[in-house]
């Protein structure tokens, strides 16, 4: 179980901060949905969360249908100067014993200056991909590769993501374009943040008397990581260890399996439920326990995990493809039943149908 001081900090988190904390704890990534008019404010709030709450560098990728692979790759890097580290490859860049031979060096397609610039760049710890669902398929595949391998291949080098790495896909509208299937499936959780939920970090910045004259709500200016973040790397590690020690009874495990079975068999679900989603659900349920001061998973934590793991994964079937239609059901009657049935409604229906263990 997490320490009391850590639990106190967790209790004061906003919904976005909690989502980021859960992803960092599980070394996973997330989708944040919002209203179209609130995207810019949401992005700024996420930037402040990365810097002030977790003390991490960040980069914003503004995606569109015209975004190219080069645009995506170039936007991944932090604007902050990279501090030399003892174990960093940059430490040995000027060592004459480790430089390539003159013959090999002459084969390089880039100038020494451009190579030095490329090598000095560092992928930001938090990547905020705005409107990623509108990006071309090849860009989304590149994002998937970065998420899976924590590496990005360029023309001159291979760049690795930091150990603490979070990729946030910011989408708008809910009913717009979806992420590609495999990228969508690798996103750990999804969360909808409305304007009514507020932007506490952004509001605090705007109300600061010392900076109110220079702060612009939709500014893209540089925000440096805080030297004294709310959550340090030690805090994240402590939560990871607490989650690993959480117990899950056979009854609760069976409860999760029943929910998954009901989801797969639900008449409104098209395409099934992936095994990766099942793994994510069990991990999230265990991660939630320490945040509530528990050493075991309860059914209520399972339902909470299900509501964050599955909404972005569930595809609602159109009436003409509903299973009972092929056995003679009237398509108009089926359309009436499925009218207004979205992923959240499907999840609520399933949770209400599955028997809760005592």
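In my numbering, the protein residues as written are 1083 to 1440.
Glycine included, C-beta positions come from ideal geometry on N, C-alpha and C.
Nothing here was measured: the structure is a model prediction, and the numbers come from that model.
- Query: Is DSSP giving residue 1281 helix, strand or coil here?
  - Reply: Sequence index remark: in the chain shown, residue 1281 carries index 199 (1-based). Residue 1281: coil per DSSP, three-state reduction.
- Task: Note down, in chain order, each residue of its chain lying with its Cβ closer than 6 Å to the Cβ of residue 1213, except the 5 sequence neighbours on either side.
- Result: Taking the chain shown and counting its residues from 1, one reaches residue 1213 at position 131. If we look at residue 1213 and ignore the five residues flanking it on each side, its Cβ neighbours are 1145.
- Item | Bridge-paired residues (DSSP) for residue 1112 | Within the chain shown, the letter at position 30 stands for residue 1112. Partner(s): 1250, 1271.
- Task: Assign residue 1093 to one of two classes, buried (16 or more other C-beta atoms within 10 Å of its C-beta) or exposed (fewer than that).
- Result: Here residue 1093 refers to the residue found at position 11 of the chain shown. By the neighbour-count rule (16 or more Cβ atoms within 10 Å), residue 1093 is not buried but exposed.
- Item | Residue of 1160, 1272, 1287 minimising C-alpha distance to residue 1426 | Taking the first residue of the chain shown as 1, we reach residue 1426 at position 344. Ranking 1160, 1272, 1287 by Cα distance to residue 1426 puts 1272 first.
- Start and end residues, beta strand (DSSP E) containing residue 1233: One-based indexing of the chain shown puts residue 1233 at position 151. Here the beta strand (DSSP E) through residue 1233 covers 1233 to 1235.
- Does DSSP put residue 1207 in a helix, in a strand, or in coil? In the chain shown, residue 1207 corresponds to position 125, counting from 1. Looking at residue 1207 - three-state DSSP - the assignment turns out to be coil, as it is neither helix nor strand.
- Task: Check the DSSP bridge columns for residue 1140 and list the partner residues they point to.
- Result: Position 58 of the chain shown, counted from the first residue, corresponds to residue 1140. 1208.
- Message: Only counting the same chain, and skipping five residues up and downstream in sequence, which positions put a Cβ closer than 8 Å to that of residue 1128?
- Response: As a first step, residue 1128 is located in the chain shown; it is residue number 46 there, counting from the start. If we look at residue 1128 and ignore the five residues flanking it on each side, its Cβ neighbours are 1098, 1102, 1114, 1140, 1208, 1210, 1250, 1252.
- Task: Would you be able to state if there are at least three C-beta pairs under 8 Å between the stretch 1260 to 1279 and the stretch 1404 to 1415?
- Result: no
- From residue 1215 to residue 1321, what does the alpha carbon distance come to, in whole angstroms? Within the chain shown, the letter at position 133 stands for residue 1215. Within the chain shown, the letter at position 239 stands for residue 1321. Residue 1215 and residue 1321: Cα-Cα distance of roughly 31 Å.
- In three-state terms, what does DSSP make of residue 1145? Position 63 of the chain shown, counted from the first residue, corresponds to residue 1145. In this structure, residue 1145 counts as coil in the three-state DSSP scheme.
- Query: Ordered along the chain, which non-local residues of its own chain (more than five positions away) have a Cβ less than 8 Å from that of residue 1284?
  - Reply: In the chain shown, counting from the first residue as 1, residue 1284 sits at position 202. Once the five neighbours on either side are set aside, the close Cβ partners of residue 1284 are 1123, 1126, 1127, 1130, 1299.
- Query: Which first and last residues belong to the alpha helix (DSSP H) in which residue 1382 is found?
  - Reply: Numbered from 1 along the chain shown, position 300 holds the residue referred to as residue 1382. That run of the alpha helix (DSSP H) goes 1381 to 1391.
- Flag this pair as touching only if the stretch 1375 to 1384 and the stretch 1333 to 1341 have three or more C-beta atom pairs under 8 Å; answer yes or no. yes
- With DSSP run on the structure shown, which of helix, strand or coil describes residue 1240? Residue mapping note: residue 1240 aligns to position 158 of the chain shown, counting from 1. DSSP places residue 1240 in strand when its eight states are reduced to three.
- Query: How would you write the range of the alpha helix (DSSP H) that residue 1335 sits in, first residue to last?
  - Reply: Position 253 of the chain shown, counting from 1, holds the residue named residue 1335. From DSSP, the alpha helix (DSSP H) with residue 1335 extends over 1332 to 1347.
- Query: residue 1157 by DSSP, collapsed to three states: which one?
  - Reply: Here residue 1157 refers to the residue found at position 75 when the chain shown is read from its first residue. The answer is coil: DSSP assigns residue 1157 none of H, G, I, E or B.
- Under the three-state reduction of DSSP, which class applies to residue 1196: helix, strand or coil? Stepping through the chain shown from its first residue, residue 1196 is reached at position 114. Since pLDDT at residue 1196 reaches only 47, below the 50 mark, its modelled position is unreliable, and no value is offered.
- Beta-carbon separation of residue 1158 and residue 1234 under 9 Å? Locating residue 1158 in the chain shown gives position 76, counting from the first residue. Locating residue 1234 in the chain shown gives position 152, counting from the first residue. Yes; because the gap between Cβ atoms is below 9 Å, this pair is in contact.
- Query: Out of curiosity, what's the CA-to-CA distance linking residue 1342 and residue 1386?
  - Reply: Start at 1 with the first residue of the chain shown, and residue 1342 comes out as number 260. Start at 1 with the first residue of the chain shown, and residue 1386 comes out as number 304. Cα to Cα, residue 1342 sits roughly 14 Å from residue 1386.
- Message: Which residue wins for smallest C-alpha separation from residue 1137, given the options 1305, 1368, 1224?
- Response: Residue numbering aside, residue 1137 sits at position 55 when the chain shown is read from its first letter. Among 1305, 1368, 1224, the Cα nearest to that of residue 1137 belongs to 1305.
- If we ignore side chains and look at the alpha-carbon of each, how far apart do residue 1346 and residue 1313 end up? Translated into the one-based positions of the chain shown, residue 1346 becomes position 264. Translated into the one-based positions of the chain shown, residue 1313 becomes position 231. Going by the C-alpha atoms only, they are around 38 Å apart.
- Task: Mark residue 1326 as exposed unless 16 or more other C-beta atoms lie within 10 angstroms of its C-beta, in which case mark it buried.
- Result: Counting from one through the chain shown, the residue named residue 1326 turns up at place 244. With fewer than 16 Cβ atoms within 10 Å of its Cβ, residue 1326 is classed as exposed.
- In angstroms with no decimal places, state the Cα-to-Cα distance between residue 1244 and residue 1109. Within the chain shown, residue 1244 is the residue found at index 162, counting from 1. Within the chain shown, residue 1109 is the residue found at index 27, counting from 1. Roughly 11 Å separates the two Cα atoms.
- Query: Under a Cβ-count criterion, where at least 16 other Cβ atoms within 10 Å of its own Cβ denotes burial, should residue 1107 be classed as buried or exposed?
  - Reply: Within the chain shown, residue 1107 is the residue found at index 25, counting from 1. So residue 1107 ends up on the buried side.
- residue 1340 versus residue 1434 - alpha carbon distance: Numbered from its first residue, the chain shown carries residue 1340 at position 258. Numbered from its first residue, the chain shown carries residue 1434 at position 352. Near 12 Å, if we compare the C-alpha coordinates of residue 1434 and residue 1340.
- Query: Are the Cβ atoms of residue 1448 and residue 1248 separated by less than 9 Å?
  - Reply: Absent from the structure is residue 1448, since the part of the chain shown begins at 1083 and ends at 1440.
- Item | residue 1411 - DSSP class collapsed to helix/strand/coil | To locate residue 1411, count along the chain shown from 1; it is residue 329. Residue state, collapsed to three classes: coil.
- Item | Inter-residue Cα distance where the pair is residue 1418 and residue 1402 | To locate residue 1418, count along the chain shown from 1; it is residue 336. To locate residue 1402, count along the chain shown from 1; it is residue 320. Cα to Cα, the separation comes out at about 12 Å.
- Give the DSSP-derived three-state secondary structure of residue 1351 in the structure shown. For the purposes of this step, residue 1351 is taken as the residue at position 269 of the chain shown. In the structure shown, residue 1351 sits in a strand (DSSP, three-state: E or B).
- Message: Please identify the residue among 1095, 1437, 1225 whose C-alpha is closest to the C-alpha of residue 1143.
- Response: What you label residue 1143 is simply residue 61 of the chain shown in a count that begins at 1. With distances taken between Cα atoms, residue 1143 lies closest to 1225.
- Pick from 1374, 1429, 1398: whose alpha carbon is nearest that of residue 1091? Indexing the chain shown from 1 puts residue 1091 at position 9. Measuring from the Cα of residue 1091, the nearest candidate turns out to be 1374.
- Residue interval of the alpha helix (DSSP H) (run including residue 1091): Taking the first residue of the chain shown as 1, we reach residue 1091 at position 9. From DSSP, the alpha helix (DSSP H) with residue 1091 extends over 1086 to 1093.
- Classify residue 1102 as helix, strand or coil using the three-state DSSP reduction. Here residue 1102 is taken as the residue at index 20 of the chain shown, counted from 1. Residue 1102 falls in the helix class under three-state DSSP.
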